[in-house]
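Trainee:
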Amino acid sequence: MIYREAGQFKATYSADQALFPIRQDQVGVAILLVIAYIVVPFVGNDYWLGSIFIPFLVLSLAALGLNILTGYAGQLSLGTAGFMAVGAFAAYNFAIRVPAIPLLLNFALSGLCAACVGILFGVPSLRIKGFYLAVATLASQFFIEWLFTRVGWFTNYSTSGVISAPPLSIFGHSLSSVWSRYVLTLAIVTVMALGAKNMVRSSVGRAWMAVRDMDVAAEVIGIRMLRTKLLAFGVSSFYCGVAGALWAFLYLGTVEPQAFDLARSFQILFMIIIGGVGSILGSFLGAAFIVLLPIFINIGSGMFGHAFRADTITQIELILFGGLIIFFLIVEPHGLARLWRIGKEKLRLWPFPY
Amino acid sequence: MTFFLEVLVGGLLSGAMYSLVALGFVLIFKASGVFNFAQGAMVLFSALTLVSLLEKGWNLWMCLGITLAGMVFLAYLIERIVLRPLVNQPPLALFLATIGLAFAIEGIAQAMWGTQVHGLNVGIPDVPLNVKGLLISEFDIFTGIIAAVLVAALALFFSKTRVGRALRAVADDHEAALTVGIPLRHIWVIVWAVAGIVALVAGIVWGSRVGVQFSLVLIAYKALPALILGGLDSVPGAIAGGLLIGASEKLAEVYVGPFVGGAIESWFPYMLALGFLLIRPEGLFGEVHIERV
């Protein structure tokens with residue numbers, strides 16, 4: 001009843017090809033955006049905005065990037081954090097070496113840098129497949145981490161190896177308040193998420209899915225492997241690179257190469273497994289889940305009067321994350337996004353089940 | 355020249371230690387088609403269990419026995435909880451499940467036995483030997499011998515025994531193996547138990563070398579390039595890959611490292627493996643798959 005598309009006629013091609021063709025979806029997205037842009041900044045305090053919403057949004061963006069590569073193009077990557085690091089360090093170097101570059105252009109350029117590196121490390125995917133490729137992507141992770149730790153030029157020869165974002169401003173407005181950084185992050189993530197949603201239903205996205213389902217068959221029907229696979233690596237790394245730049249500039253402010261270690265790559269991989277492999281919405285749901293879970297664990301341990309030591313909580317987190325991954329793979333391999341789809345099917349009839 | 359040889363031999367012998375870990379990966383992949391990312395966690399789990407039991411002051415053999423029983427029980431649990439519900443799922447799903455498994459085992463191992471660093475001494479001698487002017491650690495030679503014995507035993511097991519042949523059938527095709535009457539559940543328990551035993555051997559060797567601590571998990575990342583270099587489904591490949599990686603990594607660290615900032619051991623093996631894979635995508639000894647639409 002609530003979610004029924006009956007009676008919504010499309011009179012033009014553009015209406016039929018809209019990003020959200022169903023009215024309930026349009027209303028839902030509009031309400032979500034109003035909440036995100038207006039309600040959250042007014043209701044939330046600095047802690048919520050700065051320590052939960054901004055990292056949630058940035059990690060969603062990275063998960064989106066990985067989802068494009070793994071969920072849509074079918075190339076499993078364990079080196080996501082490496083590409084985030086490229087974005088972060090590129091943004092830093094642009095900011096201190098060419099201060100004239102405006103902030104948004106800086107983010108775009110860092111994304112492009114990450115995309116170039118991603119394409120470079122994507123070249124082996126044309127020949128290496130499956131698990132061999134998954135392990136080979138670790139090469140990028142370890143190499144990039146080493147590069148930024150060992151080669152001083154990238155950190156501007158800072159002795160501690162830590163980079164700090166310069167004072168940020170956009171169109172003359174200073175970004176010193178948490179609120180402004182939140183809105184900027186949100187704006188970038190909104191635009192890029194809509195872009196991704198549009199991209200995966202275009203010819204490019206369809207080519208990716210064909211490659212994912214069987215790349216030999218895709219090649220036979222005339223999809224160009226070189227272009228399709230490298231584009232997937234490039235676009236995915238672009239998203240990860242921008243996420244890295246946002247992580248360094250808008251979330252933490254100062255960041256070291258170890259912030260983008262293998263654990264981060266796995267964290268993002270877990271997000272797309274739990275959220276839903278091959279789903280834009282899933283990237284957000286998974287990121288929300290993974291960001292919120294440790295907070296709930298903390299609250300839960302608080303209820304027991306903080307009876308657990310810090311390392312016990314870390315271990316509980318490890319066990320829970322591992323267990324949840326297995327649980328989701330067995331019970332719902334398509335993740336939270338699939339649950340949402342089932343919910344929509346139910347809402348089509350509810351509350352009159354006939 | 356002596357120095358070069360010393361580095362080379364040292365590298366080859368530490369490569370044997372990588373092979374020990376890579377062997378565990380190969381076993382499970384060969385016998386069930388699962389890329390078991392949790393092998394490193396299993397090494398940690400077995401070593402931590404053994405060392406914690408030893409610290410209670412019990413007899414070494416009794417502790418070894420209990421740890422072995424523990425690894426078999428772990429294999430049973432993994433089959434029951436993780437693998438059985440995932441029969442006939444795509445290999446990728448199983449791979450992701452083992453990543454989750456790795457996290458869970460790491461957490462459980464540390465929750466059970468604590469996070470402090472333990473020293474492990476099971477009586478492997480560690481004296482530098484002088485062989486024709488080269489200084490070689492006796493410990494490393496011992497590791498080499500263990501690796502050789504394990505490989506020989508596994509090769510016999512896979513080619514000569516009934517269970518070994520059943521394992522290879524399961525690796526080829528889960529469903530077809532089930533159809534001809536191979537009890538999949540038992541087979542999986544067996545192969546994970548064998549991998550657990552290999553993990554225990556690797557855990558003892560590595561634990562005696564670097565101490566039993568959380569970073570034991572990281573040696574899996576040393577074994578992975580050796581694994582893909584040699585070929586995922588080849589026991590000799592794991593050995594050859596391990597030796598190749600060990601030797602070239604040490605040589606590169608000594609002769610190239612100083613010019614580019616050092617510590618290239620973290621990524622050099624991966625780049626080397628990547629280079630080899632570009633020429634032979636299945637690794638040196640891996641089975642070549644012909645893809646058909």
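Those protein sequence lines, which keep their order, are chains A and B. For the first sequence, our numbering assigns the number 1 to the initial residue and increments by one for each residue that follows. For the second sequence, our numbering assigns the number 355 to the initial residue and increments by one for each residue that follows. Ideal Cβ positions, reconstructed from N, Cα and C, are used throughout, including at glycine. Keep in mind that this is a model prediction, so the values were computed, not measured.
(1) Counting Cβ pairs closer than 8 Å, one from the segment 85-101 of chain A and one from the segment 155-168 of chain A, do we hit at least three?
(2) Is A/Asp311 close to chain B? Criterion is C-beta to C-beta, closer than 7 Å.
(3) If you drop the 5 nearest sequence neighbours on each side, which residues of the same chain put their C-beta closer than 7 Å to that of B/Val559?
(4) Please classify A/Ala263 as buried or exposed, where buried requires at least 16 other C-beta atoms within 10 Å of its C-beta.
(5) Our contact map puts A/Phe107 next to A/Ala85 with C-beta atoms below 8 Å; I'd like the distance itself, whole angstroms only.
(6) Within the segment 14-82 of chain A, note down every full alpha helix (DSSP H) run reaching 4 residues or more, in order along the chain.
(7) For a minimum of 4 consecutive residues, which ranges assigned as the alpha helix (DSSP H) are wholly contained in the segment 244-290 of chain A?
(8) On the DSSP bridge list, what partners appear for A/Ser164?
(9) With 7 Å set as the bound, which would you pick, yes or no: does the beta-carbon of A/Gln75 sit closer than that to a beta-carbon of chain B?
(10) Relative to the C-alpha of A/Asp215, which candidate in A/Arg4, A/Ser77 and A/Tyr72 has its C-alpha closest?
(11) Taking DSSP's pairing of strands, which residues face A/Ser169 in a bridge?
(12) Return helix, strand or coil for B/Ile491, following the three-state DSSP convention.
(13) For A/His173, count the other beta carbons within 10 Å of its own beta carbon; 16 or more makes it buried, fewer makes it exposed. Which is it?
(14) With a CB to CB cut of under 6 Å and the five nearest residues on each side skipped, what residues in its chain are close to B/Ser491?
(15) Say whether chain B places a C-beta atom closer than 7 Å to the C-beta of A/Ile2.
(16) May I ask you to report which of helix, strand or coil DSSP gives B/His718?
(17) If we ignore side chains and look at the alpha-carbon of each, how far apart do B/Leu538 and B/Val555 end up?
(18) Could you tell me which chain A residues have their CB closer than 9 Å to the CB of B/Val481, listed as they occur along the chain?
(19) Could you tell me which residues DSSP pairs with B/Leu483 in its beta bridges?
(20) Closest to A/Gln258 by CA distance: which of A/Gly343, A/Phe148 and A/Asp25 is it?
(21) Starting from the C-beta of A/Gly50, find all residues in its chain whose C-beta is less than 6 Å away, skip the five residues before and the five after it, and write them out in chain order.
(22) Can you name the start and end residues of the alpha helix (DSSP H) that B/Val441 belongs to?
(23) May I ask you to list, following chain order, the residues of the segment 589-622 of chain B that have a beta carbon less than 8 Å from some beta carbon of chain A?
(24) Along chain A, in chain order, which residues have C-beta atoms closer than 7 Å to that of B/Phe389?
(25) What residue does the alpha helix (DSSP H) around A/Ile313 start on, and which one ends it?
(26) Candidates A/Arg4, A/Phe53, A/Phe266 and A/Cys240: which alpha carbon is nearest A/Leu112's?
(27) Here's the rule I'm using: 16 or more other beta-carbon atoms within 10 Å means buried, otherwise exposed. How should B/Gln393 be labelled?
(28) Run through chain D and tell me which residues come within less than 9 Å of A/Arg150, C-beta to C-beta.
(29) Assign B/His540 to one of three DSSP states: helix, strand, or coil.
(30) A/Ala6 to A/Pro21, Cα distance in whole Å?
(31) Consider the Cβ of A/Gly322: report whether some Cβ of chain B lies at a distance smaller than 7 Å.
(32) Near A/Ile101, what residues of its chain come up, given a Cβ to Cβ distance below 8 Å and the 5 sequence neighbours on each side ignored?
(33) Where does B/His472 fall in DSSP's three states?
(34) Could you compute how far the alpha carbon of B/Gln443 sits from the alpha carbon of A/Gly195?
(35) For A/Gly122, verify whether its CB is less than 6 Å away from any heavy atom of the ligand ADP.
(36) Whole alpha helix (DSSP H) runs in the segment 526-570 of chain B with 4 or more residues, listed along the chain?
Mentor: The relevant details are as follows:
(1) Here the segment 85-101 of chain A makes contact with the segment 155-168 of chain A; the two share three or more CB pairs at distances below 8 Å.
(2) Closer than 7 Å to some Cβ of chain B, the Cβ of A/Asp311 qualifies, so yes.
(3) The beta carbon of B/Val559 is closer than 7 Å to those of Met371, Leu374, Thr497 and Ile500 in its chain, skipping five residues each way along the sequence.
(4) Result: exposed.
(5) Not quite, the Cβ-Cβ distance comes to about 15 Å (not below 8 Å), so this is no contact.
(6) With a minimum length of 4 residues, the unbroken runs of alpha helix (DSSP H) contained wholly in the segment 14-82 of chain A fall at 23-34, 40-43 and 54-66.
(7) Runs of the alpha helix (DSSP H) spanning 4 or more residues and lying entirely within the segment 244-290 of chain A occur at 262-275, in chain order.
(8) Its beta-bridge partners are A/Thr254.
(9) Chain B, which has no Cβ nearer than 7 Å to the Cβ of A/Gln75, makes this no.
(10) Distance from the Cα of A/Asp215 is smallest, within the candidate group A/Arg4, A/Ser77 and A/Tyr72, for A/Tyr72.
(11) Per DSSP, A/Ser174.
(12) Position check: residue 491 of chain B holds Ser in this sequence, whereas Ile was assumed. DSSP places B/Ser491 in strand when its eight states are reduced to three.
(13) Result: exposed.
(14) The residues are Pro482.
(15) So, not an interface residue.
(16) The structure shown does not extend to residue 718 of chain B, since chain B is modelled only from 355 to 647, so the question has no answer here.
(17) Roughly 26 Å between the two C-alpha positions.
(18) Correct list: empty, because the minimum Cβ distance to chain A is about 34 Å.
(19) Note: B/Leu483 sits in a beta bridge opposite B/Ile490.
(20) Checked all of A/Gly343, A/Phe148 and A/Asp25; the closest Cα to A/Gln258 is A/Phe148.
(21) The residues are Val178.
(22) That residue, B/Val441, is in no alpha helix (DSSP H); it is neither H nor E in DSSP.
(23) If the cut-off is 8 Å between Cβ atoms, the segment 589-622 of chain B has Val614, Gly615, Gly616, Ala617, Ile618, Ser620 and Trp621 near chain A.
(24) Contact of B/Phe389 with chain A by beta-carbon distance below 7 Å involves Phe131.
(25) Here the alpha helix (DSSP H) through A/Ile313 covers Ala310 to Val331.
(26) Checking every option, the nearest Cα to that of A/Leu112 belongs to A/Cys240.
(27) So B/Gln393 counts as buried.
(28) The chain labelled as chain D is not found among the protein chains of the depicted structure, namely A and B.
(29) DSSP, reduced to helix, strand and coil, places B/His540 within a helical segment of the structure shown.
(30) About 12 Å.
(31) Closer than 7 Å to some Cβ of chain B, the Cβ of A/Gly322 qualifies, so yes.
(32) Same-chain partners within the cutoff: Phe94, Ala95 and Leu109.
(33) Residue state, collapsed to three classes: strand.
(34) B/Gln443 and A/Gly195 have their C-alpha atoms some 32 Å from each other.
(35) The ligand ADP is absent from the structure shown, which contains no ligand whatsoever.
(36) Taken in chain order, the unbroken stretches of alpha helix (DSSP H) that lie wholly in the segment 526-570 of chain B and span 4 residues or more are 528-533 and 538-564.
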